[in-house]
Each structure stands twice: as structure tokens, then as C-alpha cells.
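Colleague: Residue numbers (this note's numbering): 1 to 178.
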Amino acid sequence: MSPSLLHTPGEVPGGVLLRPLRAANLAEVLRLQACAYPAEYHERAEVFASRLALAPGGCWLGERGGRAAGYVIAHPWCGVQPPQLHVPLDELPAAGAAAVFLHDMAVCPQARGSGLAQALFRKVRAWAAEQEAREIMLVALADARGFWQRLGFVADPRPLPACYGDGACCMRLALPAR
């Protein structure tokens, strides 16, 4: 995907419009998060705002009928362990980070099955390639592992920080060299 297309809003099947996430959308992100995850995984707006401010190119919103239907937040990362949950980021790794960390992706129940999740992920994957990342990593809750496996992610057997809770699994997707 060309860089000009990467940053351009676009429509996906099901009448969903993808556009860059903005700070003004964080209330909608919190609403969608509440629909998608148990309360122990809910993060404050400041956590999302820190990632958005540091890596706006990895953050997208999907709208359906003028209302937020899903989002994705990703940022560069180094190391084998994911960042702590519930903790804002003050800075990103130096240029040339080995990975993009897909911090969070959620789709409202009404938009599930519409292709929105795959479209949001394609934006992150294209952005990761633009960043010359070698892999995308994420933490999947138990009920989401199958979705990520279908997209090519494999489980990393190393234990996660306790903040992610039981049943969570770090997953990685190797990206082709450019």
C-alpha cells in the first residue's frame, strides 16, 4: 500500500468508513472498549491518549452511519515483553523499533462480521511495514486467539506481566523483509 493510501480515509464493505483516530474520539474509544472487554481490562483515556500522541499513524477509527463502530491503537515497540497494561507511555523506543505493538482493537457487537476488524488490522499491518518493523506483537485474551491465528499470528510461550491476567497470550506475526 502506498504511503498516500495508508493515511487516506476509506470505506470498507458494510458501509464502514475508516479514518485516522483523533483525541476528540477518545470518549467513543472508551464506549467501544466497555462493549468489548471485562472491566479489569478497561483503560483510562490518558492511556489511549499517550499512545495516540506518540504514534498517530497507528491509530484508526471505523465509523458506521456516522457513529464509531471500532478502533485500533498501535505503536512501535522494542523487547520481548509487551508494555504494561493501564500505564500511559511517556516515549517510544528510538527509531528503528523492531516491532509494532497492537495495543488494542475493538469492534462494537453490531459491526462484528462486517470486515471492520480485518480492515483495521490491514491499516496497522501497512503502517508497520512503513515503519520497517520486523513483526507485529499483541496480547490476545483467550477468546480472541483464534481470530489472531487466522491472521497469521503465533503464540509466544513466554509468560506475560501479571497485569494481563490469566488466559492472556502474547502473539507475534513476522513481517516480510523490505
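Think of the CB as a built atom: it goes at the ideal place given N, C-alpha and C, for glycine as much as any other residue.
Taking 7 angstroms as the limit between beta carbons, can you name the residues of its chain near Leu-32, skipping five residues before and five after?
Modeller: Numbered from its first residue, the sequence shown carries residue 32 at position 32. If we look at Leu-32 and ignore the five residues flanking it on each side, its Cβ neighbours are Ala-68, Gly-70, Tyr-71, Ala-106, Cys-108.
Colleague: Near Pro-181, which residues of its chain fall below 7 angstroms by C-beta distance, leaving aside the five closest residues on each side in sequence?
Modeller: The shown model of the chain, from 1 to 178, leaves out residue 181, and the question about it has no answer.
Colleague: Give the secondary structure of Pro-159 by DSSP, where H, G and I count as helix, E and B as strand, and everything else as coil.
Modeller: As a working mapping, residue 159 is identified with position 159 in the sequence shown. Three-state DSSP puts Pro-159 in coil, outside helix and strand.
Colleague: Taking DSSP as the reference, what is the three-state secondary structure of Cys-78?
Modeller: Position 78 of the sequence shown, counted from the first residue, corresponds to residue 78. Of the three classes helix, strand and coil, the one that applies to Cys-78 here is coil, per DSSP.
Colleague: For chain B, is any of its Cβ atoms less than 7 angstroms away from the one on Ala-128?
Modeller: No chain B appears in this structure, which consists of one protein chain only.
Colleague: On the DSSP letters alone, give me the boundaries of the beta strand (DSSP E) that Val-87 sits inside.
Modeller: To locate residue 87, count along the sequence shown from 1; it is residue 87. No beta strand (DSSP E) contains Val-87, which DSSP labels as neither H nor E.
Colleague: Can you check DSSP and say which residues form a bridge with Arg-134?
Modeller: The residue given as residue 134 occupies position 134 in the sequence shown. Note: Arg-134 sits in no beta bridge, so no partner.
Colleague: In chain order, what residues of the same chain lie with their CB nearer than 6 angstroms to the CB of Cys-78, ignoring the 5 residues before and after it?
Modeller: In the sequence shown, residue 78 corresponds to position 78, counting from 1. Closer than 6 angstroms at Cβ, skipping near neighbours: Pro-93, Ala-97, Ala-98.
Colleague: On a CA-only basis, which of Val-100, Glu-91, Glu-40, Ala-128 is nearest Ala-53? Give me that one, please.
Modeller: Within the sequence shown, numbered from 1, the residue matching residue 53 stands at position 53. With respect to the C-alpha of Ala-53, the residue from Val-100, Glu-91, Glu-40, Ala-128 having the closest C-alpha is Glu-91.
Colleague: If you measure between the beta carbons of Met-171 and Phe-147, is that distance less than 7 angstroms?
Modeller: Stepping through the sequence shown from its first residue, residue 171 is reached at position 171. Stepping through the sequence shown from its first residue, residue 147 is reached at position 147. No, the Cβ-Cβ distance between Met-171 and Phe-147 is not below 7 angstroms.
Colleague: Suppose you measure from the CA of Arg-150 to the CA of Pro-157; what does that come to, to the nearest Å?
Modeller: The sequence position of residue 150 within the sequence shown is 150, counting from 1. The sequence position of residue 157 within the sequence shown is 157, counting from 1. Going by the C-alpha atoms only, they are around 18 angstroms apart.
Colleague: In three-state DSSP terms, what is Arg-145?
Modeller: What you label residue 145 is simply residue 145 of the sequence shown in a count that begins at 1. Looking at Arg-145 - three-state DSSP - the assignment turns out to be helix.
Colleague: Less than 8 angstroms between the CB atoms is what I'm expecting for Glu-135 and Ala-168, so what's the real figure, rounded?
Modeller: Here residue 135 is taken as the residue at index 135 of the sequence shown, counted from 1. Here residue 168 is taken as the residue at index 168 of the sequence shown, counted from 1. That pair is no contact at about 18 angstroms.
Colleague: So what does DSSP say about Arg-31, is it helix, strand or coil?
Modeller: Residue mapping note: residue 31 aligns to position 31 of the sequence shown, counting from 1. DSSP, reduced to helix, strand and coil, places Arg-31 within a helical segment of the structure shown.
Colleague: How far does the beta strand (DSSP E) with Glu-46 in it extend, from its first residue to its last?
Modeller: Here residue 46 refers to the residue found at position 46 when the sequence shown is read from its first residue. Premise fails: Glu-46 lies in the alpha helix (DSSP H), 45-54, not in any beta strand (DSSP E).
Colleague: Can you give me the Cβ contacts of Ala-36 inside the same chain, cut-off strictly under 8 angstroms, excluding the 5 residues immediately before and after it?
Modeller: Here residue 36 is taken as the residue at index 36 of the sequence shown, counted from 1. Contacts found: Ala-106, Val-107, Cys-108.
Colleague: On the DSSP bridge assignment, give the partners of Phe-153 in chain order.
Modeller: For this step, residue 153 is matched to residue 153 along the sequence shown. Partner(s): none; Phe-153 has no beta bridge.
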